[in-house]
Amino acid sequence: MEEVQKIECINDTWFVMSFQAAWNSRMSESTGNYPILQSRTIDLAATTFPEGIEVWPVVSAVLGQTQASDDRLTFKLNDKTAVYKVRGTITDYSVDFVEVKDGSSETLPGFPSHIPINRVPYKNWSGSIDIPLVWTCAPRTADDVVEICNWAKNNGYKVRPRGIMHNWSPLSISAEPTPTSNVLFIDTTKALNTMEMLLSSDGLPNRVKVGAGATMDELLKFLERQPDGQGSAQGFSFPHTPAPEHLTVGGVLAINGHGSGVRTPPNDDFPCSYGSMSNHILEIRAVVTNPDGANPEEYTLYTFKRGEKDTTALLTQLGRSMIVEVTLQVIDNYNMRCQSFMDISASDMFARPGEGSPTQKTIAYFLEQSGRIEAIWYPFTEFPWLKVWTVEPNQPSGSRAVDEPNNYPFSDNLETEITELIKAILGGLPPLTPIFGTIMEKASKNGLKGQNLLGKNIYPESEDIWGPSKNTLFYVKDTTLRVTANGYAILMQKANVQNAIADFTDKFREMLYRYQNEEKYPINSPVEIRATSLDKPDEVPGAISYGRPVISSIASNQLTDQKGWDVALWIDVLTLPGTPHSNEFFSELEKWFLEHFTGDQWLVVPEWSKGWAYTKDFGPWTDPAFFEYIRQNFTTDREDDDNWQYEVNTLAKYDKFNLFFSPLLENLFVDSTKE
Numbered sequence: 005m006e007e008v009q010k011i012e013c014i015n016d017t018w019f020v021m022s023f024q025a026a027w028n029s030r031m032s033e034s035t036g037n038y039p040i041l042q043s044r045t046i047d048l049a050a051t052t053f054p055e056g057i058e059v060w061p062v063v064s065a066v067l068g069q070t071q072a073s074d075d076r077l078t079f080k081l082n083d084k085t086a087v088y089k090v091r092g093t094i095t096d097y098s099v100d101f102v103e104v105k106d107g108s109s110e111t112l113p114g115f116p117s118h119i120p121i122n123r124v125p126y127k128n129w130s131g132s133i134d135i136p137l138v139w140t141c142a143p144r145t146a147d148d149v150v151e152i153c154n155w156a157k158n159n160g161y162k163v164r165p166r167g168i169m170h171n172w173s174p175l176s177i178s179a180e181p182t183p184t185s186n187v188l189f190i191d192t193t194k195a196l197n198t199m200e201m202l203l204s205s206d207g208l209p210n211r212v213k214v215g216a217g218a219t220m221d222e223l224l225k226f227l228e229r230q231p232d233g234q235g236s237a238q239g240f241s242f243p244h245t246p247a248p249e250h251l252t253v254g255g256v257l258a259i260n261g262h263g264s265g266v267r268t269p270p271n272d273d274f275p276c277s278y279g280s281m282s283n284h285i286l287e288i289r290a291v292v293t294n295p296d297g298a299n300p301e302e303y304t305l306y307t308f309k310r311g312e313k314d315t316t317a318l319l320t321q322l323g324r325s326m327i328v329e330v331t332l333q334v335i336d337n338y339n340m341r342c343q344s345f346m347d348i349s350a351s352d353m354f355a356r357p358g359e360g361s362p363t364q365k366t367i368a369y370f371l372e373q374s375g376r377i378e379a380i381w382y383p384f385t386e387f388p389w390l391k392v393w394t395v396e397p398n399q400p401s402g403s404r405a406v407d408e409p410n411n412y413p414f415s416d417n418l419e420t421e422i423t424e425l426i427k428a429i430l431g432g433l434p435p436l437t438p439i440f441g442t443i444m445e446k447a448s449k450n451g452l453k454g455q456n457l458l459g460k461n462i463y464p465e466s467e468d469i470w471g472p473s474k475n476t477l478f479y480v481k482d483t484t485l486r487v488t489a490n491g492y493a494i495l496m497q498k499a500n501v502q503n504a505i506a507d508f509t510d511k512f513r514e515m516l517y518r519y520q521n522e523e524k525y526p527i528n529s530p531v532e533i534r535a536t537s538l539d540k541p542d543e544v545p546g547a548i549s550y551g552r553p554v555i556s557s558i559a560s561n562q563l564t565d566q567k568g569w570d571v572a573l574w575i576d577v578l579t580l581p582g583t584p585h586s587n588e589f590f591s592e593l594e595k596w597f598l599e600h601f602t603g604d605q606w607l608v609v610p611e612w613s614k615g616w617a618y619t620k621d622f623g624p625w626t627d628p629a630f631f632e633y634i635r636q637n638f639t640t641d642r643e644d645d646d647n648w649q650y651e652v653n654t655l656a657k658y659d660k661f662n663l664f665f666s667p668l669l670e671n672l673f674v675d676s677t678k679e
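Structure, rendered in structure tokens:
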């Protein structure tokens with residue numbers, strides 16, 4: 005089988021076509037349509053595909069069928085190009101392999117010749133960061149990463165990890181890097197993705213050693229295949245995970261990624277943390293400068309163990325460190341049911357306690373019953389989509405067994421009526437926003453019953469599904485509508501969750517309709533509400549007092565203990581990128597969050613991967629006062645070895661030459677002792 009890095013398809017037909025590169029069930033981005041006698045090329049180095057997989061082109065004819073080639077290739081970073089020709093008619097065509105062409109890749113002066121390097125595009129999830137070409141290398145080993153970092157130190161380059169790029173905040177690179185900014189990305193997805201199961205021993209629980217570039221779906225599939233678990237489902241898992249399956253482990257841990265889950269005995273009471281994924285870390289392998297090592301001026305590999313003080317600063321580090329491998333605590337796998345409800349009105353679901361609405365219809369009721377909820381509420385609608393997960397060893401009557409994740413195809417593949425409305429809204433017709441919300445609500449309600457907008461049965465029903473944990477934990481695919489989002493965690497007592505939701509939804513409604521009266525429609529996508537427990541050290545083997553991630557958004561500390569805060573309510577407001585007046589709306593809402601959720605009842609913390617620090621004129625990550633608010637929040641009621649300055653000092657200690665910085669990180673990790 006030919007080994008290549010690029011795939012070129014020549015259109016030798018009489019119709020317009022596009023193509024994608026395919027691997028298993030995953031597809032690259034499309035080339036876009038192009039006419040006869042033209043060609044397009046996909047550079048697999050620019051995808052998130054790992055090296056060594058089998059790939060092939062899949063061609064789509066405009067107004068015609070889709071056809072995959074039978075001629076397969078092996079992806080290898082060697083700059084070679086496989087050439088295919090598409091021949092035939094719109095109703096009968098083939099995609100035929102022709103030849104392999106050698107390439108002559110660019111490189112940087114003195115860059116290690118055995119490590120593949122290319123200039124490839126960088127585009128984040130929402131498209132707000134879209135850089136045509138940026139230097140990107142693909143190390144095959146951790147030692148390669150060390151070599152790259154030392155080359156960068158000697159040649160004036162910053163080094164940034166590159167994963168799936170499913171992020172909103174510009175932690176890795178600015179949306180508008182200056183022409184003189186020397187940035188080198190390390191693509192972790194190509195080879196830094198190995199996995200090894202480690203069964204309980206020497207006082208340590210069952211755990212998995214995994215490369216930072218492995219994806220969450222690959223990790224949970226690997227864990228599910230293990231034969232030694234003792235749970236109701238085969239293998240091992242985590243209590244909850246982020247909903248998108250296509251995220252790197254390193255990316256999730258950098259920003260203390262999370263799902264939705266609050267410990268709820270006796271049915272949902274696993275022996276582990278119910279906070280963020282970062283609190284499952286038992287060991288970290290990173291590339292650092294070690295001031296106590298044999299070569300303090302050089303970058304080397306170093307292993308940080310849970311229970312060692314400095315480790316707490318690396319458990320959540322926003323990409324300020326170069327982590328190549330982690331060891332994570334896992335639990336026995338379990339079966340879980342996910343029920344969806346769209347027959348409870350927002351007025352009842354979000355009702356303030358004591359206002360007469362049926363208690364059994366509130367978020368607080370479902371949270372108390374199962375500990376796992378998510379509400380998705382489209383603007384200008386009255387019936388949110390509520391998901392409720394319950395740990396169920398055996399298949400409940402009425403539940404459909406599912407053997408794969410992503411069981412809501414209607415939200416992954418939007419119907420034409422919806423995509424046309426999106427184009428109209430962004431094309432200058434924002435007053436269509438209420439109609440868009442209503443149609444999305446209907447698409448969800450029908451979709452859960454297996455129907456399209458016209459009521460035709462085209463999907464399996466998904467109102468009530470059950471299966472091994474990953475099959476209900478993962479439900480966001482790459483094809484889901486790309487939106488931008490703000491994001492905050494509100495720390496509080498579980499008893500205050502319903503009050504917080506009522507306060508927020510009242511404010512959100514008031515703002516939404518006030519802006520509408522001003523002929524402004526800044527929000528055209530849903531509100532999302534989830535809940536988790538906090539990151540506590542006593543739920544992790546070997547963790548010392550307050551030995552959880554220092555800057556986790558949901559870190560427990562002296563303040564949370566004193567106030568009895570035990571949950572985080574996560575609130576995101578979504579909208580399409582480029583929507584007029586959205587920054588104004590987000591800025592006003594954020595100021596209300598900070599003014600309202602304060603005092604003895606609650607505390608607002610940013611969700612690192614989302615939008616925060618808004619200003620009306622310049623958007624997210626531009627408000628200096630919010631940056632100072634962050635630093636103060638992680639300093640008040642904290643010990644000197646557990647606060648923001650400690651985080652700044654520790655990360656700098658292991659990066660003497662400030663290699664792992666971006667403009668946003670420079671604004672965040674300010675050394676207050678030097679001001």
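Residues in the sequence shown are numbered consecutively from 5, following this note's numbering.
Each residue gets a CB set at the ideal place from its N, CA and C atoms; glycine is no exception.
Judged by pairs of C-beta atoms under 8 Å, the segment 76-86 touches the segment 47-62, as three or more such pairs exist. In the three-state reduction of the DSSP assignment, F601 falls in the coil class.
A direct Cα-to-Cα measurement between T385 and A317 gives close to 43 Å. Under a 10 Å Cβ-count criterion, Y517 is classified as exposed, with fewer than 16 other Cβ atoms of the shown protein chains found around its own Cβ. Here the segment 111-120 does not lie against the segment 30-45, with fewer than 3 beta-carbon pairs under 8 Å apart.
In terms of CA proximity to K309, R552 leads the group K595, R552, V608, L573.
Taking C-beta separations shorter than 6 Å and ignoring five residues to either side along the sequence, the partners of F370 in its chain run I377, V392, following chain order. Comparing C-alpha distances from T509 to each of I285, L203, D191, A355 shows the shortest one belongs to A355. Assigned with DSSP and collapsed to three states, F478 falls in coil, not helix or strand. Shown here, W606 sits in a strand according to DSSP, grouped into three states. Per DSSP, V253 is one residue of the alpha helix (DSSP H) stretching across 253-258. Inclusion of S591 and T564 in the CB contact set at 8 Å is not warranted, their separation being larger than that value. Around the CB of I462, fewer than 16 other CB atoms lie within 10 Å, so the residue is classed as exposed.
The C-beta separation of P400 from R341 comes to about 6 Å, placing the pair in contact by the 8 Å criterion. DSSP places N159 in the uninterrupted alpha helix (DSSP H) bounded by 146-159. Y412 sits in coil when the DSSP states are folded into three classes, being neither helix nor strand. The segment 524-550 is shown to contain no whole alpha helix (DSSP H) run of 4 or more residues. In this structure, K89 places its C-beta atom within 8 Å of the C-beta atom of I14.
Pairing T145 with A195, the inter-Cα distance amounts to about 7 Å.
Counting C-beta pairs with one atom in each stretch, the segment 574-583 and the segment 465-477 have fewer than three that are closer than 8 Å, which means they do not touch.
Annotation: S173 to A258 spans about 12 Å, alpha carbon to alpha carbon. Where S351 is concerned, the enclosing alpha helix (DSSP H) starts and stops at 350-353. The beta carbon of G239 sits closer than 7 Å to the beta carbons of L227, E228, R229, Q230, G233, N337 from its chain, once the five residues preceding and following it are set aside; these are given in chain order.
Taking all protein chains in view, the Cβ of E33 is surrounded by fewer than 16 other Cβ atoms within 10 Å, so the residue is classified as exposed.
Taken through DSSP and simplified to helix, strand or coil, F638 comes out as coil. In this structure, S466 is the residue among L430, T442, S466, D407 with its C-alpha nearest to the C-alpha of P413. A contact is defined here as three or more CB-CB pairs under 8 Å, and the segment 428-443 fails this definition with respect to the segment 486-500. CA-CA distance, E594 to F631, rounds to 13 Å. Excluding the 5 residues flanking it on each side, R534 has same chain C-beta neighbours closer than 6 Å at S264, E378, W574, in chain order. In this structure, V334 sits away from V214, with a CB-CB distance that is not shorter than 8 Å. Taking C-beta atoms under 8 Å as the contact rule, A216 and T198 fail to qualify, at a distance of about 10 Å.
Of N271, L223, Y382, the smallest CA-CA separation from A350 is found for Y382. Under the 8 Å Cβ criterion, the segment 656-663 counts as touching the segment 288-299, having at least three qualifying pairs. In the three-state scheme derived from DSSP, where H, G and I count as helix and E and B as strand, V59 is classed as strand.
Residues S344, S466, E467 of the same chain have their beta carbon placed closer than 6 Å to that of L452, with the five preceding and five following residues left out of the count. Under the 10 Å beta carbon count, P120 is surrounded by 16 or more other beta carbons and is classified as buried.
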